[in-house]
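Just so we're aligned, residue 899 is where the sequence shown starts under the working numbering, counting upward by one.
For every residue, glycine included, the Cβ atom is placed at its ideal position computed from N, Cα and C.
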Amino acid sequence: MSKLDIIKIPDPVLREISAPIETVDDDLRRLMDDMLETMYDAPGVGLAAVQVGIPKRLIVLDVNGDEANRQPIVMANPEIVRLGDELRTHEEGCLSIPDVHVEIERPGDLTVRYVDRDGKEQELDADGLLATAIQHEVDHLEGKLIIDFLSRLRRDMVIRKFRKALRA
Ligand code: NI
């Protein structure tokens, strides 16, 4: 396994729409493992392939938060097929936007359909932090970021700050 570089805003790749995964093969499983290692190292609770510069519909998650009892989830072609009615607000961060936190209101539970690391179709009901993380990562596949939930003024301020840091 190897650690990958996480790209940050304003890298335009983060705005790309990720392409569907055609086949789950050993190359893809290696990418899944590398993404998990990268996520754990960061540390973070979720990572989309586009965040390591590969705009494919692949996400990895682990919201367990306990290093001794890891519960990695990998999802190829995740598709949210049901969103609950009850909304939940959570302060979200993003490994591509370090040190920025945004309060975001999203449905508190959902059902997601995806392809697992063996190429099998799965369906999962999620709530709590996992439901938030799944929606956050699926947003990445559409080029959507947490700063898009901010007012235009605040969003531009964040982007300007990262541009400036890039030049420095
Ligand atoms: Ni993110």
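Asked: Beta-carbon separation (whole angstroms), K906 vs I995, contact threshold 8 Å; Found: 7 Å
Asked: For D1007 and R955, the rounded distance between their alpha carbons; Found: 21 Å
Asked: Burial state of D1037, where buried means 16 or more other Cβ atoms lie within 10 Å; Found: buried
Asked: Classification of S900 by the beta-carbon crowding that lies within 10 angstroms, buried from 16 upward; Found: exposed
Asked: Delimiting residues of the beta strand (DSSP E) encompassing V1013; Found: D1007 to V1013
Asked: Beta-ladder partner(s) of V972, from DSSP; Found: V958
Asked: The segment 909 to 927 in contact with the segment 935 to 955 per 3-pair CB rule at 8 Å; Found: yes
Asked: C-beta atoms of R1011 and M930 nearer than 7 Å; Found: no
Asked: Burial state of G963 (16 or more Cβ within 10 Å); Found: exposed
Asked: In chain order, each beta strand (DSSP E) run of at least 3 residues that lies wholly inside the segment 905 to 962; Found: 944 to 946 and 956 to 959
Asked: H1034 (DSSP reduced to helix, strand or coil); Found: helix
Asked: Unbroken alpha helix (DSSP H) run spanning L1064, endpoints; Found: R1050 to R1065
Asked: Which listed residue (D1054, P976 and A966) has its alpha carbon closest to that of S1029; Found: Residue identity differs from the one stated: residue 1029 is Ala in this sequence, not Ser. Ranking the options by Cα distance to A1029, first place goes to P976.
Asked: Beta-carbon proximity check, L959 vs D932, cutoff 7 Å; Found: no
Asked: Distance cut-off 6 Å: E914 Cβ against heavy atoms of ligand 3; Found: Absence of ligand 3 from the depicted structure is noted, with ligand 1 being the only ligands included.
Asked: Residue of G944, P953, I952 and V972 minimising C-alpha distance to V961; Found: G944
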